[in-house]
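Student: Have a look at the structure that comes next, please.
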Amino acid sequence: MAKPNNVITKERKRWGFLGLPFTFTVYSITDKKLLIKKGFLNRSYDEILLYRVTDLQLKNTFSQTLFGLGLGTVTVYSKDTSDGTLEIKNIRHAKNFYDTLSDNLEKERLRYGVRASELIGHEGGSMDGHDFDTVDGAF
25 MAKPNNVITK ERKRWGFLGL PFTFTVYSIT DKKLLIKKGF LNRSYDEILL
75 YRVTDLQLKN TFSQTLFGLG LGTVTVYSKD TSDGTLEIKN IRHAKNFYDT
125 LSDNLEKERL RYGVRASELI GHEGGSMDGH DFDTVDGAF
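So the number in the working numbering is just where the residue sits in the sequence shown, counting from 1, plus 24.
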């Protein structure tokens, strides 16, 4: 197992369908977090804890598949308050990145004891304030 917060894999966002790395966005996976670094002169950093990820999706467009560069888009759905949906667009080795992310988020869910039922409701916003002990109109 990697040391905490050691980068397991990282990919750079590519420009267009040619797969040229003319952007300044880097996505890194550690054993605990997904790290996003954007910018050249003005930089911003963001992170998503892996155990808070609710779902992943991998897409390959026609042009990404046609040129055989391994480009793809990985969409990350999470309970992160700053960005519930993150599109990691035009990265090389998208399938490997997706698999690595999936494997590590499962390990983190097991480590934290997070069950799928605790992640339900991520698209509908916060589930705070809901009374699940009663059924409306039951009495």
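All residues carry an ideal CB built from backbone N, CA and C; glycine is no exception.
Just the Cα atoms here: how many angstroms apart are Phe121 and Thr33?
Tutor: Spanning the two alpha carbons is a distance of roughly 7 Å.
Student: Do Leu73 and Glu35 have their C-beta atoms within less than 9 Å of each other?
Tutor: No, they are not a contact pair.
Student: Looking at the secondary structure, which residues open and close the beta strand (DSSP E) in which Asp55 lies?
Tutor: First-last for Asp55: undefined, no H or E at that position.
Student: Going by alpha carbons, who is nearest to Tyr101 out of Leu110, Gly94 and Leu95?
Tutor: Comparing Cα positions, the closest option is Leu110.
Student: Which first and last residues belong to the alpha helix (DSSP H) in which Ser106 is found?
Tutor: Looking at the DSSP string, Ser106 is not in any alpha helix (DSSP H), and its letter there is neither H nor E.
Student: I believe Gly94 touches Arg116 by the beta-carbon criterion, under 8 Å. Please report the beta-carbon distance rounded to the nearest angstrom.
Tutor: About 5 Å; that satisfies the 8 Å criterion.
Student: Helix, strand or coil: how does DSSP classify Leu90 here?
Tutor: Looking at Leu90 - three-state DSSP - the assignment turns out to be helix.
Student: Tell me, which residues are paired with Arg67 by DSSP?
Tutor: Answer by DSSP bridge pairing: none, since Arg67 is not bridged.
Student: Taking the beta strand (DSSP E) that Arg36 belongs to, which residues open and close that run?
Tutor: Taken as a continuous stretch (DSSP letters only), the beta strand (DSSP E) holding Arg36 covers Val31 to Arg36.
Student: Taking 9 Å as the threshold (beta carbon to beta carbon), is Leu125 in contact with chain D?
Tutor: No chain D appears in this structure, which consists of one protein chain only.
Student: How many Å lie between Phe86 and Gly96 at the Cα?
Tutor: Cα to Cα, the separation comes out at about 10 Å.
Student: State buried or exposed for Thr105, treating a residue as buried only when at least 16 other CB atoms are found within 10 Å of its CB.
Tutor: Classification of Thr105: exposed, given that the 10 Å Cβ count is below 16.
Student: Rounding to the nearest angstrom, what Cα-Cα distance links Arg67 and Tyr51 in this structure?
Tutor: Each residue's Cα considered, the two are about 13 Å apart.
Student: Got a sec? Which residues, its chain only, sit under 6 Å from Thr49 by beta carbon, not counting five neighbours each side?
Tutor: Hits under 6 Å: Lys37 and Lys62.
Student: Return the chain-ordered list of same chain residues with a C-beta closer than 8 Å to the C-beta of Thr124, the five sequence neighbours on each side being excluded.
Tutor: Excluding residues within five positions, the ones whose Cβ falls inside 8 Å are Ile32, Thr33 and Ile53.
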